[in-house]
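Enquirer: By the numbering used here, the letter at position 39 of the sequence shown is numbered 65, and the numbering carries on one by one without gaps.
Ideal Cβ positions, reconstructed from N, Cα and C, are used throughout, including at glycine.
I have a structure I would like to understand better, so I am pasting it below and will then ask my questions one at a time.
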Amino acid sequence: MSTVDKRALVVAEHKDGKITPATLEALECARILSGSLDNIHGIVLAGEAEKLAGQLGDYGVQVTGFSGKFLKNYTGEAFLEVILDCAKQEPYAWIILPHTSLGMDLGPALAAHLGAAFVPGAQEVRPEENLFIRPVFNGKFSREVRPLTETIVVGALPGSFAQAEKAQTPGKVGLVTVDKAPARTVYVGAAEGEGPDLGLAQAQVVICGGRGMGGEDNVPLLEETAALFPRSAVAGSRIACDMGWLPYKAQIGVTGQTVAPKFYMGCGVSGAFQHVVGMSGSQFVVAVNTDPQAPIFSIADYCIVEDVMEFLPAFVKAAREKE
Ligand SMILES: Cc1cc2nc3c(=O)[nH]c(=O)nc-3n(C[C@H](O)[C@H](O)[C@H](O)COP(=O)(O)OP(=O)(O)OC[C@H]3O[C@@H](n4cnc5c(N)ncnc54)[C@H](O)[C@@H]3O)c2cc1C
Numbered sequence: 027m028s029t030v031d032k033r034a035l036v037v038a039e040h041k042d043g044k045i046t047p048a049t050l051e052a053l054e055c056a057r058i059l060s061g062s063l064d065n066i067h068g069i070v071l072a073g074e075a076e077k078l079a080g081q082l083g084d085y086g087v088q089v090t091g092f093s094g095k096f097l098k099n100y101t102g103e104a105f106l107e108v109i110l111d112c113a114k115q116e117p118y119a120w121i122i123l124p125h126t127s128l129g130m131d132l133g134p135a136l137a138a139h140l141g142a143a144f145v146p147g148a149q150e151v152r153p154e155e156n157l158f159i160r161p162v163f164n165g166k167f168s169r170e171v172r173p174l175t176e177t178i179v180v181g182a183l184p185g186s187f188a189q190a191e192k193a194q195t196p197g198k199v200g201l202v203t204v205d206k207a208p209a210r211t212v213y214v215g216a217a218e219g220e221g222p223d224l225g226l227a228q229a230q231v232v233i234c235g236g237r238g239m240g241g242e243d244n245v246p247l248l249e250e251t252a253a254l255f256p257r258s259a260v261a262g263s264r265i266a267c268d269m270g271w272l273p274y275k276a277q278i279g280v281t282g283q284t285v286a287p288k289f290y291m292g293c294g295v296s297g298a299f300q301h302v303v304g305m306s307g308s309q310f311v312v313a314v315n316t317d318p319q320a321p322i323f324s325i326a327d328y329c330i331v332e333d334v335m336e337f338l339p340a341f342v343k344a345a346r347e348k349e
């Protein structure tokens, strides 16, 4: 492969005026693949992309910020058009997105338009072997993938790569204005989901219930456990929220909230990667699960193989006795 062949295009994600941690992991994934920051071109799409492009440039890569009123709010069509234009200007070996809602939405479309392979949720990359490793079957197995196309679209699984570090010399930043309106999509609006604000983002202790909690009637047990700690909150896996045991605002994971508490306790949570993505920044993880093979045990500091319905009441009782 020539140097040109080793170029990587990274599509940045941003939230509340900041480049997301998942993007910094995608940058690191790109660095491993392309071998050098010099081979990376980062792009930021936003209503006003200048500051965000500067933030990304601080990581030492060449950046183009695309600004325009049709890029202020995400629509797959408008974003796809800009990224495709970029992707066609240079022969990129890899187009890397964070494997979040953004990457899941854009990745397959990009790959289809470019005739490229798509590797969603890559947790490890081995460029010397052209090998990508990704979890399958809810993280119970890993699959090794060797794509055959010249360009490969990669979704970098958050929580799998170190975050890129700021460089001593910022990368060159270019700015482009995009006026073209998408022909088939009109952005109508977005609304916050209903439900109480559980203060999840600020919580230092998160007690999370999964399907293993068995039903809504057992949610008070999670609340009692959370009440043992100051600055605590109750959360749920997607299944617990889908079942209506907990509000959607309580969902942790790739399609829910991202938390990074000092202490996370997963109660009857299997540890599917879509869930782990949202809590892998936790400092100390305890998992309670009847299945000793549950994937969450591979990321837990304390693994408790026990029925939650027996463990939690005993835990609450013992903690109260100590008070
Ligand atoms: C596109 C997409 C996005 C997704 N986004 C998310 C997301 O944001 N967040 C999320 O959480 N999931 C998400 N999911 C779903 C995810 O793949 C898993 O299905 C989900 O996380 C599993 O939830 P769970 O761990 O509660 O249930 P399960 O996987 O069913 O696990 C239940 C666990 O409880 C254990 N258990 C059972 N009974 C007991 C007991 N009495 N005591 C102790 N342990 C017990 C079992 O051994 C098992 O490990 C997404 C999936 C897709 C496809």
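Do G282 and Y290 count as a contact pair if the criterion is CB distance below 9 Å?
Expert: Counted from its first residue, the sequence shown places residue 290 at position 264. Counted from its first residue, the sequence shown places residue 282 at position 256. No, the Cβ-Cβ distance between Y290 and G282 is not below 9 Å.
Enquirer: Which value, in whole angstroms, describes the spacing of the CA atoms of Q319 and K77?
Expert: Within the sequence shown, numbered from 1, the residue matching residue 319 stands at position 293. Within the sequence shown, numbered from 1, the residue matching residue 77 stands at position 51. So the alpha carbons of these two residues sit roughly 46 Å apart.
Enquirer: Do V312 and D327 have their C-beta atoms within less than 9 Å of each other?
Expert: Locating residue 312 in the sequence shown gives position 286, counting from the first residue. Locating residue 327 in the sequence shown gives position 301, counting from the first residue. Against a cut-off of 9 Å, the Cβ pair of D327 and V312 comes out as a contact.
Enquirer: By a C-beta neighbour count over all protein chains shown, 10 Å radius and 16 as the cutoff for buried, is A217 buried or exposed?
Expert: By 1-based counting over the sequence shown, the position of residue 217 is 191. So A217 counts as exposed.
Enquirer: If you measure from each residue's Cβ to the nearest non-hydrogen atom of ligand 1, which ones come out under 5 Å, in chain order?
Expert: In chain order, the hits are G236, R237, G238, S263, R264, I265, G279, V280, T281, G282, G294, V295, S296, A298, Q300, H301, N315, T316, D317, A320, D333 and V334.
Enquirer: For S306, which residues from the same chain have a beta carbon less than 8 Å from its beta carbon, with the 5 sequence-adjacent residues on both sides left out?
Expert: The count along the sequence shown starts at 1 and reaches residue 306 at position 280. Only P184, G185 and I325 meet the Cβ criterion.
Enquirer: DSSP beta-bridge partners for L157?
Expert: Counting from one through the sequence shown, the residue named residue 157 turns up at place 131. According to DSSP, which records beta bridges pairwise, L157 is partnered with R152.
Enquirer: Measure the CB-CB distance between G68 and L106 and report whether it falls below 9 Å.
Expert: Counted from its first residue, the sequence shown places residue 68 at position 42. Counted from its first residue, the sequence shown places residue 106 at position 80. For G68 and L106, no; Cβs fall outside 9 Å.
Enquirer: For G43, count neighbouring C-beta atoms within 10 Å of its own C-beta (all shown protein chains included) and say buried if the count is 16 or more, exposed if not.
Expert: For the purposes of this step, residue 43 is identified with residue 17 of the sequence shown, where counting begins at 1. By the 10 Å Cβ count, G43 comes out exposed.
Enquirer: Where does Q300 fall in DSSP's three states?
Expert: On the sequence shown, position 274 is the one that residue 300 refers to. DSSP places Q300 in helix when its eight states are reduced to three.
Enquirer: When the distance is taken between beta carbons, is Q149 closer than 9 Å to S127?
Expert: Start at 1 with the first residue of the sequence shown, and residue 127 comes out as number 101. Start at 1 with the first residue of the sequence shown, and residue 149 comes out as number 123. No, the Cβ-Cβ distance between S127 and Q149 is not below 9 Å.
Enquirer: Do the CB positions of F299 and V204 come within less than 9 Å of each other?
Expert: Numbered from 1 along the sequence shown, position 273 holds the residue referred to as residue 299. Numbered from 1 along the sequence shown, position 178 holds the residue referred to as residue 204. No, Cβ-Cβ distance for F299 and V204 is not below 9 Å.
Enquirer: What are the partner residues of G133, as DSSP defines its beta bridges?
Expert: In the sequence shown, counting from the first residue as 1, residue 133 sits at position 107. Answer is none; G133 lacks a bridge partner.
Enquirer: Do you know how far the Cα of N99 is from the Cα of A213?
Expert: For this step, residue 213 is matched to residue 187 along the sequence shown. For this step, residue 99 is matched to residue 73 along the sequence shown. In the sequence on display, residue 213 carries Tyr and not Ala. In a straight line, the C-alpha of Y213 is about 7 Å away from that of N99.
Enquirer: Taking the alpha-carbon of V83 as reference, which of L136, L50 and V108 has the nearest alpha-carbon?
Expert: As a first step, residue 83 is located in the sequence shown; it is residue number 57 there, counting from the start. First, the amino acid is wrong: residue 83 is Gly here, not Val. When each option's Cα is compared against that of G83, the closest is L50.
Enquirer: Would you identify the three-state DSSP class for P146, choosing helix, strand or coil?
Expert: Numbered from 1 along the sequence shown, position 120 holds the residue referred to as residue 146. Here P146 sits in strand by DSSP.
Enquirer: Hey, R257 and A229: beta-carbon distance below 9 Å or not?
Expert: Translated into positions along the sequence shown, residue 257 becomes position 231. Translated into positions along the sequence shown, residue 229 becomes position 203. Result yes, Cβ atoms of R257 and A229 sit closer than 9 Å.
Enquirer: Bridge partners for R169 per DSSP, in chain order?
Expert: Taking the first residue of the sequence shown as 1, we reach residue 169 at position 143. Paired residue(s): R160.
Enquirer: Between the beta-carbon of V232 and the beta-carbon of P287, is there less than 9 Å?
Expert: Here residue 232 corresponds to residue number 206 of the sequence shown, with the count starting at 1. Here residue 287 corresponds to residue number 261 of the sequence shown, with the count starting at 1. Result yes, Cβ atoms of V232 and P287 sit closer than 9 Å.
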